[in-house]
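Going by the working numbering, the residue at position 464 of the sequence shown is 464; the numbering climbs one at a time, nothing skipped. Glycine is no exception: its CB is placed at the ideal position from the N, C-alpha and C atoms. These notes concern the structure reproduced below.
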Amino acid sequence: MTASRPRSAADPGGDTAVLKQEILRKLTYSIGKTPATAGDHDWLTAAILALRDRIIDTWQQTTIDSYRTGRKRVYYLSLEFLIGRSFANALSNFGLTGAMRGALAELGVDLEAIETIEPDAALGNGGLGRLAACYLESMATIGVPCRGYGIRYDHGLFKQFIAGGQQMEAPEEWLTFRNPWELERPENTYQIGFGGAVVDTTPFGRATWAPSESVFAVAYDTPIIGWRSAGAVTLRLWRARAENPLQLKAFNEGDHLGAHAERNRAEAISSVLYPNDSTPAGQELRLRQEYFFTAASLQDLVRRHIQQFGNVRSLPEKASIQLNDTHPALAVAELMRIVVDDHAVDWSEAWSLVNATISYTNHTLLPEALETWPVSLMERLLPRHMQIIFAINARFLERALAETPTADLSRLSLIDEHHGRRVRMAHLAFLGSHTVNGVSELHSSLMRTTVFEPLHRIFPTRIRNVTNGITPRRWLFGANAALAELLAETCGSEIFDDIGVIDRFARCCGDAAVQQRVAAIRLANKERLADYIRRETGIAVNVRAMFDAQIKRVHEYKRQLMNIIETIALYDAMRAEPYLDWQPRVKIFAGKAASNYLTAKRVINLINDVAAVVNNDAMTRDRLQVVFIPNYNVSVAELVIPAADLSEQISTAGMEASGTGNMKFALNGALTIGTLDGANLEIRERVGEDNIVIFGMTADEVEAARGRSDTEAVIGRSPYLSDVLEAVSQGAFSPGDPGRYADLVRDLRHNDWFMTLRDFETYRQAQRRVDALWADPGAWWRRSILNTAGCGWFSSDRAIRQYAADIWHMPVET
Numbered sequence: 001m002t003a004s005r006p007r008s009a010a011d012p013g014g015d016t017a018v019l020k021q022e023i024l025r026k027l028t029y030s031i032g033k034t035p036a037t038a039g040d041h042d043w044l045t046a047a048i049l050a051l052r053d054r055i056i057d058t059w060q061q062t063t064i065d066s067y068r069t070g071r072k073r074v075y076y077l078s079l080e081f082l083i084g085r086s087f088a089n090a091l092s093n094f095g096l097t098g099a100m101r102g103a104l105a106e107l108g109v110d111l112e113a114i115e116t117i118e119p120d121a122a123l124g125n126g127g128l129g130r131l132a133a134c135y136l137e138s139m140a141t142i143g144v145p146c147r148g149y150g151i152r153y154d155h156g157l158f159k160q161f162i163a164g165g166q167q168m169e170a171p172e173e174w175l176t177f178r179n180p181w182e183l184e185r186p187e188n189t190y191q192i193g194f195g196g197a198v199v200d201t202t203p204f205g206r207a208t209w210a211p212s213e214s215v216f217a218v219a220y221d222t223p224i225i226g227w228r229s230a231g232a233v234t235l236r237l238w239r240a241r242a243e244n245p246l247q248l249k250a251f252n253e254g255d256h257l258g259a260h261a262e263r264n265r266a267e268a269i270s271s272v273l274y275p276n277d278s279t280p281a282g283q284e285l286r287l288r289q290e291y292f293f294t295a296a297s298l299q300d301l302v303r304r305h306i307q308q309f310g311n312v313r314s315l316p317e318k319a320s321i322q323l324n325d326t327h328p329a330l331a332v333a334e335l336m337r338i339v340v341d342d343h344a345v346d347w348s349e350a351w352s353l354v355n356a357t358i359s360y361t362n363h364t365l366l367p368e369a370l371e372t373w374p375v376s377l378m379e380r381l382l383p384r385h386m387q388i389i390f391a392i393n394a395r396f397l398e399r400a401l402a403e404t405p406t407a408d409l410s411r412l413s414l415i416d417e418h419h420g421r422r423v424r425m426a427h428l429a430f431l432g433s434h435t436v437n438g439v440s441e442l443h444s445s446l447m448r449t450t451v452f453e454p455l456h457r458i459f460p461t462r463i464r465n466v467t468n469g470i471t472p473r474r475w476l477f478g479a480n481a482a483l484a485e486l487l488a489e490t491c492g493s494e495i496f497d498d499i500g501v502i503d504r505f506a507r508c509c510g511d512a513a514v515q516q517r518v519a520a521i522r523l524a525n526k527e528r529l530a531d532y533i534r535r536e537t538g539i540a541v542n543v544r545a546m547f548d549a550q551i552k553r554v555h556e557y558k559r560q561l562m563n564i565i566e567t568i569a570l571y572d573a574m575r576a577e578p579y580l581d582w583q584p585r586v587k588i589f590a591g592k593a594a595s596n597y598l599t600a601k602r603v604i605n606l607i608n609d610v611a612a613v614v615n616n617d618a619m620t621r622d623r624l625q626v627v628f629i630p631n632y633n634v635s636v637a638e639l640v641i642p643a644a645d646l647s648e649q650i651s652t653a654g655m656e657a658s659g660t661g662n663m664k665f666a667l668n669g670a671l672t673i674g675t676l677d678g679a680n681l682e683i684r685e686r687v688g689e690d691n692i693v694i695f696g697m698t699a700d701e702v703e704a705a706r707g708r709s710d711t712e713a714v715i716g717r718s719p720y721l722s723d724v725l726e727a728v729s730q731g732a733f734s735p736g737d738p739g740r741y742a743d744l745v746r747d748l749r750h751n752d753w754f755m756t757l758r759d760f761e762t763y764r765q766a767q768r769r770v771d772a773l774w775a776d777p778g779a780w781w782r783r784s785i786l787n788t789a790g791c792g793w794f795s796s797d798r799a800i801r802q803y804a805a806d807i808w809h810m811p812v813e814t
């Protein structure tokens, strides 16, 4: 059940009676049901439609004001938008939670009950997509005219379920009951080409591209409402449609499957988020997706710009295009194509125009995550764009060589010649942008010295930092309403409009009465989560134990493997010395592994196998439990984060760009155990060194340790580690399949690239420090309060204001 929203943050006088009539009208005329025949989904849809009408009023007025003033607009291109459920959040932002609850109650419907059946809009994989969603809400709140662009995936990220301890995947059917938030815009349909040839090139750089295949991109708009309905922005998602959806001749001849082949090929583009790209066909589909949404978005924004301002040359003054990672990096080449080929702008002027309009946010330094595409695939699928990329590269390398004759052109080039000739999309995004930002101080610093070091030498002022942020409306006021009420009492009700005043909460850190209230709020949140865990997994967890949570995408660098190895070591220690005063823990894991990421899937299997042993051991089950929550999504996060006592942020130093889960947990009062990675460093600065538990190697130490061959010596220095690896490899947790994890352990011994073994002992010792803190409730709750008080700075409002001032160069109200 969802906690009620704080009254001070909502309900400024909504008219319950009027809202009741609006819901009944929607139920009757939009859904075609009577109250006697309506089911829960009918009531939910009717309530959403009634709320949407009010949001549309604000949305349209915001759009009218934007056109009237001619203000600069941000176009935020992201392959992911992890929106999650929208109903409760929109009600709170619009101030209608109480009115909606009252209206539905008079109709015999429980608001909290129908809130939980709204499907998550799972149009993202993790932090990247959730960040995009938070940023849209903040732009609506602080008055930044914006349009988000992405793909309307039919299925989004897969639905995860666990069978025999293993991850299984099924399609995420989020559109089963349709999406009542969206409005289809068939009049905003664009033709997107693929393949073919460049049939005409002029000496002035213009060309004519004749694609051999075309699909249509159809727009679907969703209004995103800001806090207290201050404004609204548009999320425009594209759905792929075939130019000729049915080959009637083939159908009439009996080839019913072949008659739909063109439609199936086109609609595959917007079918699934992140198709498996381990095959050539999967790689091509992924590239088609990226170009499809980028091209449709640019066609749309250029059309809108010319319609209002008359000339493409004014684009930099009126539009800022923000690339959220490298997925939309083709925007650089596509905008050049539009400006040069379609609008006859000279190449040099066009390049200046493109560069002044586009900016790029980098989210990773991992080599495998920095996209590259085979030149041969690009030439076949996007021949004109490959020409443009070659031209950009030639001009850039000529300039670099003229300025620095000793420059290493192979590192600067947009084309990686060492791995079968591939286009470096991060390099393309960097060159095509006037500003490139990292998402934490450490990440931005590492960008300058690692992946973008050769480009940084040529453009020393281009890289900036904008540390990520989260919206407190969803992640505090919505997810943890009781804590929000306490904060309003202790910090003032203005906290709902100025999260900065949360620092006043620090004055209460030694107040025993406030500590007891914080503890009681946490216990209630834990009971709510425990109820969910029992329903989903059948495990009854001890709510008086420390809730120790690691919820995020499963990846080797995020080191869920190190966490479960330490859990096994703790289990062994408890069994060996049961008479000691062990602090009880519930180890909570949640997260999805990419469908083709076998190592990550094996880690999930190990976690579940360990859980099966530990949770059934009478000697330890009152002190240690292990839970893997299936199908992690935004709604699960909204349950886990307010209930967590300890936040696991244990990525290999230098590999997590920022993180936003770390901010959400700390804002809700969880203590962080983590490495000096991503935004953990900035959290430490804000909450104080005594209120965060840091362990492990630094980014510099990790880099220095690369390639060392002393793994066995590392293992030998830790008896705990040695014993655990031996037990896992010999099948202690998989008796029915003793060799299940032999390869996992062998690979770890052979190549500890992610420093799982090297950091293990300091991690284990840090966990024992956590035990000591938990044993002293006064010290624990003091630190919890100081974490909440110190994390107001990590607001997405602050981040958006920084983007507006430093990157988009547009004024916003403070």
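Out of the options, state which residue places its alpha-carbon closest to the alpha-carbon of residue i.
i              : options                        : result
threonine 279  : Phe293, Arg421, Ala242, Ser595 : Ser595
asparagine 605 : Leu486, Val728, Asp747, Tyr579 : Val728
histidine 327  : Asn311, Arg288, Lys664         : Arg288
arginine 798   : Met139, Ala329, Val354         : Met139
proline 735    : Lys26, Val610, Leu366          : Val610
threonine 490  : Gln167, Glu712, Phe505         : Phe505
leucine 529    : Arg241, Ala217, Glu566, Pro642 : Pro642
valine 439     : Pro630, Asn680, Glu761, Gln60  : Asn680
If we call anything under 9 Å between Cβ atoms a contact, is residue i one with residue j?
i              : j              : result
tryptophan 833 : valine 74      : The shown model of the chain, from 1 to 814, leaves out residue 833, and the question about it has no answer.
aspartate 503  : glycine 790    : yes
valine 693     : glycine 674    : yes
isoleucine 389 : leucine 414    : yes
tryptophan 793 : glycine 492    : no
leucine 570    : leucine 624    : yes
serine 877     : isoleucine 358 : Outside the shown range of the chain (1 to 814) lies residue 877, about which nothing can therefore be said.
arginine 152   : tryptophan 209 : no
threonine 404  : arginine 457   : yes
aspartate 120  : arginine 71    : no
Cutting at 7 Å between CB atoms, please list the residues of its own chain near residue i, excluding the five before and the five after it.
i           : result
valine 702  : Thr652, Ala653, Gly654, Met755
alanine 103 : Thr16, Leu19, Lys20, Ile23
alanine 666 : Ser647, Thr672, Ile683, Val687, Asn787, Cys791
Which word fits residue i, buried or exposed, when buried means at least 16 other C-beta atoms lie within 10 angstroms of its C-beta?
i              : result
alanine 805    : exposed
serine 376     : exposed
asparagine 324 : buried
methionine 619 : exposed
alanine 3      : Its pLDDT being 43, under 50, alanine 3 is placed unreliably by the model, and the measurement read from it follows with that caveat. Buried: at least 16 other Cβ atoms inside 10 Å.
histidine 385  : buried
leucine 523    : exposed
lysine 664     : buried
isoleucine 142 : buried
proline 12     : In this prediction, proline 12 has a pLDDT of 41, which is less than 50 and means its spatial position is unreliable; what the coordinates show is noted afterwards. By the neighbour-count rule (16 or more Cβ atoms within 10 Å), proline 12 is not buried but exposed.
Can you list, in chain order, the residues of its chain with a C-beta nearer than 8 Å to that of residue i? Leave out the 5 residues immediately preceding and following it.
i            : result
leucine 136  : Tyr76, Phe81, Cys146, Gly148, Ile224, Val233, Leu235
arginine 782 : Cys509, Gly510, Gln515
Go ahead and pull the three-state DSSP assignment for residue i.
i              : result
alanine 766    : helix
arginine 71    : coil
tyrosine 579   : coil
glutamine 283  : helix
arginine 464   : strand
cysteine 146   : strand
asparagine 188 : strand
tryptophan 238 : strand
lysine 592     : coil
alanine 839    : What the structure shows of the chain is the stretch from 1 to 814, and residue 839 is not part of that stretch, so it cannot be assessed.
valine 272     : coil
So, for residue i: in the same chain, excluding its five sequence neighbours on each side, which residues have a beta-carbon less than 6 Å away from its beta-carbon?
i             : result
leucine 79    : His327
histidine 155 : Pro171, Glu172, Val272
glycine 164   : none
alanine 10    : Reliability fails at alanine 10, whose pLDDT of 42 lies under 50, so the model's placement of it is uncertain and the value that follows must be treated cautiously. Correct list, in chain order: Ser92, Gly95, Thr97.
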